[in-house]
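The structure appears right after this line, and notes come after that.
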Amino acid sequence: MDSAIFLDNAATTRTDPDVLETMRPWLDENFGSPATLYTFGSQAKQAIEAARQHVADLIGADPKDIFFTSGATESNNWAIKGVAEALEERGRHIISNQAEHHSILMPLRHLEKKGWEVTYLPVDSDGFVDPDAVAAAVRDDTVLVTMVHANHEIGTIQPIAEIGRVTAEKGVAFHVNAAQTAGHIPISVQELGAGLMSLSAHKFYGPKGVGALYIRRGVRITPLLHGGSQEKKRRAGTHNVPGIVGMGKAAELARANLKAEVDRLSGLRDHIFDWVEKNIDDIRINGHRTRRLPNNVNFSIEGIEGESIMLSLSYPTADGARPVYISTGSACVSGSLEPSHILLALGMPAELAHGSVRISMAKGDNQEDIDYALSQIAAVAERLRSMSPVYKRGNKKCAAGSDPNGCECEAAG
Amino acid sequence: MYTEKVMDHFQNPRNMGEVEDPDGVGEVGNPQCGDVMRITIKVDENEDRIEDVKFKTLGCGAAIATSSMVTELAKGKTLDEAQEISKKVVADALGGLPPQKMHCSNLASDGLRKAIEDYRARHAQ
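One line per chain: the protein sequences are X and R, in this order.
Okay, so the first sequence: first residue is 2 according to our numbering, each after it adds one.
Okay, so the second sequence: first residue is 730 according to our numbering, each after it adds one.
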């Protein structure tokens, strides 16, 4: 890993050494449960409250409105199922969009099976949801709008404040999944108009297995986990003290470095776009060029497939070559026959989605490493294109001799 | 995820390219699915034997490795023998494939069979 260049930070980040140091005593000698009354436990309670303050500060919230969870997946499930259940009497309609993360789509599908109706708004070719479309989709029985703040794959930052104005005007609860944005761009829950917001620590150099749900006072929601009286009886289970302390530290560090990191990473991001456009033929940038996460780059390389790009980069054959870790929206990685639903939602042809490359940077990355990674990507693209029977051959839908209407993705026989 | 053998064939593919002036061409797959394989063969007419075989493949690691392996298995075989090379034979020769790759990315033997059929069709004329 030491020589490797890790550019898959939208998936997860390396825990900051300072965060790890802060967590250590809570995994070791300070193992007491914050729920107990003796001093040992009350120290843990104080540490949790300090962390809560840091997390609240990161998104401009009141610490009383921060509830610790196991991560963004739990927070998203809780927000969606909890609001749906609390407001069931009022209505059973929810609004979201087609390019959401699975931890939003799957709870929504679960509710659909139980009788809720969900409107999945389309996104445009850059991945944006139209706030007017949200307004038009709101019905008398709409109880929740859930929108991702920035897309994990293409980095597009949604017009959340505009959507927040719509939901405020219509009196509908508004959940924002900020897993990709918290700690990466400035956030104010007030300005965004979010009533609920999901956060995940390991996306901003905190530990895995801890996150938070912001629930503005007055938003009605039932618990997802029932049990003890932790988190004001809203989220049961013994606190993950080391995780929470780590998340607090990560939030504190992220906030301190936010402005400088946004500027630095945006510069690197734009440099990557310029470089690939200049040095690799027939690519297409996915997502908006500037209204996107500072650390996210996504483009498709025509005529080749993503998994083979990813594999070639992570197992370089040349002596002394450094592995480069990136991600792709190819079907081979999604575990199904379909490429990423997010890229397809942009209206992109499947063959381009298969050839997509996502580069997501982290705070330690420097231009030298990035340039090395880019030269490797260009070399891999050239090699795989030399093997490709379709590159530069035009846009043939199916293999020669097969029936274009009957051509299925699963091989016959 | 992949065996060493798959990675070896992926990183050092055998017989990549196109046979010049081929006697048979077989192409399978579909760019929309992310896999296309093109197999070209040169046939020794007297012995009905595959003299040369090459592949070009768009696809994942398994797609490229199976293509490479098929060409290795087919080279020097008679057309009848080469036609018997199945997906399972290819996967076994590579020390196995992940289950989800058995069908979507293991089309090379189909491509080879198509190339042989193409040769026979041309020859029948």
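Yeah, the Cβ is synthetic: ideal placement off N, Cα and C, and Gly gets one too.
These numbers come from a predicted model, not from an experiment.
Counting Cβ pairs, one atom from each stretch, are 3 or more of them under 8 angstroms apart for the segment 349-363 of chain X and the segment 306-314 of chain X?
-> yes
DSSP beta-bridge partners of R293/X | T157/X
If we call anything under 8 angstroms between Cβ atoms a contact, is A5/X one with Y326/X?
-> yes
Tell me whether S43/X is buried or exposed, calling it buried when 16 or more other Cβ atoms sit within 10 Å of its Cβ.
-> exposed
Could you say if the segment 192-208 of chain X and the segment 75-84 of chain X meet the contact criterion of at least three C-beta pairs nearer than 8 angstroms?
-> yes
For my contact list, R217/X and V84/X are in at a C-beta cut-off of 8 angstroms; report their separation, rounded to the angstrom.
-> Wrong, their Cβ atoms sit about 12 angstroms apart, outside the cutoff.
Which class does D764/R belong to by DSSP, given the choice of helix, strand or coil?
-> strand
Where does N744/R sit, in a helix, a strand or coil, going by DSSP?
-> coil
Taking only beta-carbon positions, decide if I281/X is within less than 8 angstroms of chain R.
-> no
Using DSSP bridges, identify the partner residues of S357/X.
-> S301/X
Hey, out of A794/R, C833/R, K804/R, whose CA is closest to V819/R's CA?
-> A794/R
Close Cβ partners of T807/R (< 6 angstroms) along its chain, the five nearest in sequence each way excluded | D777, R778
Could you tell me whether the Cβ of A346/X comes closer than 8 angstroms to any Cβ of chain R?
-> no
Residues of chain R with CB under 8 angstroms from V391/X, in chain order?
-> P760, V765, L787
Do you know how far the Cα of D9/X is from the Cα of A255/X?
-> 18 angstroms
Neighbour list for P340/X in chain R, Cβ cutoff strictly below 8 angstroms = G763
On a CA-only basis, which of A811/R, S797/R, G790/R is nearest K783/R? Give me that one, please.
-> S797/R
Going along chain R in order, which residues have a C-beta closer than 7 angstroms to the C-beta of I305/X?
-> L787
State buried or exposed for P108/X, treating a residue as buried only when at least 16 other CB atoms are found within 10 Å of its CB.
-> buried
Looking at the structure shown, is G755/R part of a helix, part of a strand, or coil, going by DSSP?
-> strand
Min CB distance G407/X to chain R below 8 angstroms | Here G407/X scores only 40 on pLDDT, less than 50, and its place in the model should not be relied on; the value that follows carries that caveat. No, G407/X lies away from the interface with chain R (no Cβ there is under 8 angstroms from its Cβ).
G414/X versus P132/X - alpha carbon distance = A caution first: G414/X carries a pLDDT of 28, below 50, which makes its placement in the model too unreliable to give a value.
The segment 790-810 of chain R: positions lying closer than 7 angstroms to chain X by Cβ = G790, I793
Check D847/R in the structure and name its three-state DSSP category.
-> helix
State whether the segment 44-61 of chain X contacts the segment 92-109 of chain X, with contact taken as three or more CB pairs (one from each stretch) at a distance under 8 angstroms.
-> no
Through-space distance from T14/X to N299/X, alpha-carbon basis = 18 angstroms
Measuring only between beta-carbons, confirm whether Q740/R sits less than 8 angstroms from chain X.
-> yes
Examine chain X for any beta-carbon lying closer than 8 angstroms to the beta-carbon of R851/R, and answer yes or no.
-> no
Look up K250/X in the DSSP assignment and say whether it is helix, strand or coil.
-> helix
Helix, strand or coil for G83/X per DSSP?
-> helix
Exposed unless 16 or more other CB atoms sit within 10 angstroms - verdict on G407/X = Unreliable positioning characterises G407/X in this predicted model, as indicated by a pLDDT of 40, which lies under 50. A coordinate reading is not provided.
So with Cβ pairs under 8 angstroms, would you call Y316/X a contact of chain R?
-> yes
Hey, does S451/X have any beta-carbon neighbour from chain R nearer than 8 angstroms?
-> Any property of residue 451/X remains undetermined from this structure, which presents chain X solely from 2 to 414.
For L347/X, verify whether its CB is less than 7 angstroms away from any heavy atom of the ligand HEM.
-> As for the ligand HEM, it is missing from this structure, which has no ligand bound.
Among all the DSSP beta bridges, which residues are the ones paired with V173/X?
-> The partner list for V173/X (beta bridge, DSSP) is empty, contrary to what the question assumes.
Between K250/X and D19/X, is the Cβ-Cβ spacing less than 8 angstroms?
-> yes
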